[in-house]
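Let me begin by presenting the structure, written as structure tokens, before commenting on it.
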Amino acid sequence: MNITTSESDALHSELDLAPTDSMVHKAMLSDYDWMLSHLDTAGISLTQLATVLMAPHPHSPLTPTSARDQRLLAPLLKLPAYRKHCHRLEANPDTLVLTRDRTAVEYKVTSLDGKKKIVLNILPDQFKETISLAHLTLSEDENGEGVLAAPDSTIINLVATINLKTAGIEGVIRADGQLSLVQFINYYGIAPWDPAITKEHQARLNLIKEKRACLSLQLGMGIDISACRRSPTDEDREFLANLKLASPTNPITLEGLVAINSDNDIIKTVKRFLPATEKSLFHYLKQKTSPTITVENEKNIPTVCLESIL
Numbered sequence: 001m002n003i004t005t006s007e008s009d010a011l012h013s014e015l016d017l018a019p020t021d022s023m024v025h026k027a028m029l030s031d032y033d034w035m036l037s038h039l040d041t042a043g044i045s046l047t048q049l050a051t052v053l054m055a056p057h058p059h060s061p062l063t064p065t066s067a068r069d070q071r072l073l074a075p076l077l078k079l080p081a082y083r084k085h086c087h088r089l090e091a092n093p094d095t096l097v098l099t100r101d102r103t104a105v106e107y108k109v110t111s112l113d114g115k116k117k118i119v120l121n122i123l124p125d126q127f128k129e130t131i132s133l134a135h136l137t138l139s140e141d142e143n144g145e146g147v148l149a150a151p152d153s154t155i156i157n158l159v160a161t162i163n164l165k166t167a168g169i170e171g172v173i174r175a176d177g178q179l180s181l182v183q184f185i186n187y188y189g190i191a192p193w194d195p196a197i198t199k200e201h202q203a204r205l206n207l208i209k210e211k212r213a214c215l216s217l218q219l220g221m222g223i224d225i226s227a228c229r230r231s232p233t234d235e236d237r238e239f240l241a242n243l244k245l246a247s248p249t250n251p252i253t254l255e256g257l258v259a260i261n262s263d264n265d266i267i268k269t270v271k272r273f274l275p276a277t278e279k280s281l282f283h284y285l286k287q288k289t290s291p292t293i294t295v296e297n298e299k300n301i302p303t304v305c306l307e308s309i310l
């Protein structure tokens, strides 16, 4: 298949824009740092977890979700009838938030003074109930929130399209692309917990710190150093041949012999490095680099301790 010049240019442009592994790695660390900056706070509540918002780092794996949300609601934000509709309510049209679950869809905006959430009755079924009104009405629901009635039909038509496009999405879709702290937590595989339970909250906090440290050190993503073996030498082959002559039933192989010798070489190297008074490489490095690490830290967040040492 031949690729045209324009297609080739588009492909190169896409490759140029694609973030490198290093960029994504740094962005993910940034995500973890942001989560910890809010979670490592005494007395944080479930309500606070749901209200803390942030736009993801440009190279974060959560950025596609943020971009999708903005893309879905952008046509409505650009619609003059919608913006005029919001301004009549003294509401900021750019604060649009769509919340949906299996049975309900709700559109909300924030008042210009930022003190009130206004529910927009702009769903097709709601429109049928209110279109007979000769003018816009604004009432308050049981929660004291403003409720907008009888919007322009062009808004209703566009909302119907948006509802179809978001049918498979449950949760909150924000026009500004911000995501909640809870969305970050869910994405990074942290199971729900009650921050009011101190022991449970600390356990989750330790887990997030450990996941961040593993990411920082790229554990499980690179080469298993402990499995690295040097190439067999002539001395290895000669030793194995003599061993087989002396003990023909010995099951050791050349690979097994190299593994044993590699481990012995590592131990000898460490012993040459350590002072005579030290027995543990970890303890020695800890005293040199991070003397404040406690036994409790080593038990609860060992990878974090390793990161601080290295």
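The sequence shown begins at 1 in the UniProt record's numbering and counts up by one.
Built from N, CA and C at the ideal position, the CB exists for glycine as well.
Out of the options, which has the shortest C-alpha to C-alpha gap to residue i?
i: Glu-238; options: Leu-254, Val-97, Pro-248, Arg-230; result: Leu-254
i: Arg-212; options: Thr-20, Ser-37, Pro-19; result: Ser-37
i: Thr-41; options: Pro-93, Leu-17, Arg-204; result: Arg-204
i: Pro-56; options: Met-35, Gly-256, Leu-39; result: Met-35
i: Leu-39; options: Ala-160, Pro-64, Leu-73, Asp-194; result: Asp-194
i: residue 324; options: Leu-217, Glu-210, Ile-197, Ala-74; result: Residue 324 lies beyond the range of the chain shown here (1 to 310); nothing can be said about it.
i: residue 313; options: Pro-80, Asp-236, Lys-117, Ala-104; result: It is not possible to answer for residue 313, since the shown part of the chain is limited to 1 through 310.
i: His-87; options: Ser-66, Thr-110, Ser-290, Ser-180; result: Thr-110
i: Leu-89; options: Ala-67, Lys-78, Val-119; result: Val-119
i: Ala-18; options: Ser-30, Ala-50, Pro-58; result: Pro-58
i: Leu-257; options: Ala-276, Glu-235, Leu-306; result: Glu-235
i: Lys-286; options: Arg-83, Val-304, Asp-265, Asp-113; result: Val-304
i: Pro-75; options: Leu-310, Thr-161, Asn-250; result: Thr-161
i: Pro-64; options: Phe-184, Ser-308, Asn-163, Phe-273; result: Phe-184
i: Lys-78; options: Arg-102, Leu-49, Asp-33, Leu-158; result: Leu-158
i: Arg-230; options: Glu-106, Lys-117, Ala-246, Ser-262; result: Ser-262
i: Arg-68; options: Leu-53, Val-172, Thr-51; result: Val-172
i: His-25; options: Leu-219, Gln-70, Glu-106, Ala-167; result: Leu-219
i: Met-28; options: Val-52, Leu-281, Leu-215; result: Leu-215
i: Thr-51; options: Leu-181, Gly-43, Lys-117, Val-270; result: Leu-181
i: Lys-117; options: Arg-102, Arg-100, Asp-101, Asn-92; result: Asn-92
i: Ala-196; options: Pro-232, Gln-48, Leu-240; result: Gln-48
Quick check on residue i: does DSSP put it in helix, strand or coil?
i: Leu-257; result: helix
i: Arg-102; result: coil
i: Leu-112; result: coil
i: Asn-300; result: helix
i: Ala-27; result: helix
i: Leu-181; result: helix
i: Tyr-32; result: helix
i: Ala-91; result: strand
i: Tyr-188; result: coil
i: Leu-306; result: helix
i: Leu-17; result: helix
i: Leu-39; result: helix
i: Asp-141; result: Its pLDDT being 47, under 50, Asp-141 is placed unreliably by the model, and the measurement read from it follows with that caveat. Asp-141 falls in the coil class under three-state DSSP.
Just to confirm the assignment, what range does the beta strand (DSSP E) spanning residue i have?
i: Val-52; result: No beta strand (DSSP E) holds Val-52; DSSP gives it neither H nor E.
i: Ile-44; result: Premise fails: Ile-44 is in no beta strand (DSSP E) and is neither H nor E.
i: Lys-199; result: Not the beta strand (DSSP E): Lys-199 falls in the alpha helix (DSSP H), residues 198 to 217.
i: Lys-117; result: 117 to 120
Within the present structure, is the beta-carbon of residue i separated from the nearest heavy atom of the ligand PLP by less than 7 Å?
i: Ala-74; result: For the ligand PLP, the structure offers nothing, since it holds no ligand at all.
Return the first residue and the last residue of the alpha helix (DSSP H) that residue i is part of.
i: Lys-244; result: 234 to 246
i: Ile-162; result: 153 to 165
i: Arg-68; result: 63 to 78
i: Arg-174; result: Not the alpha helix (DSSP H): Arg-174 falls in the beta strand (DSSP E), residues 171 to 174.
i: His-59; result: That residue, His-59, is in no alpha helix (DSSP H); it is neither H nor E in DSSP.
i: Leu-281; result: 281 to 289
Count the C-beta pairs between the stretch 156 to 176 and the stretch 96 to 104 that are closer than 8 Å, then say yes if the count reaches three, no if not.
yes
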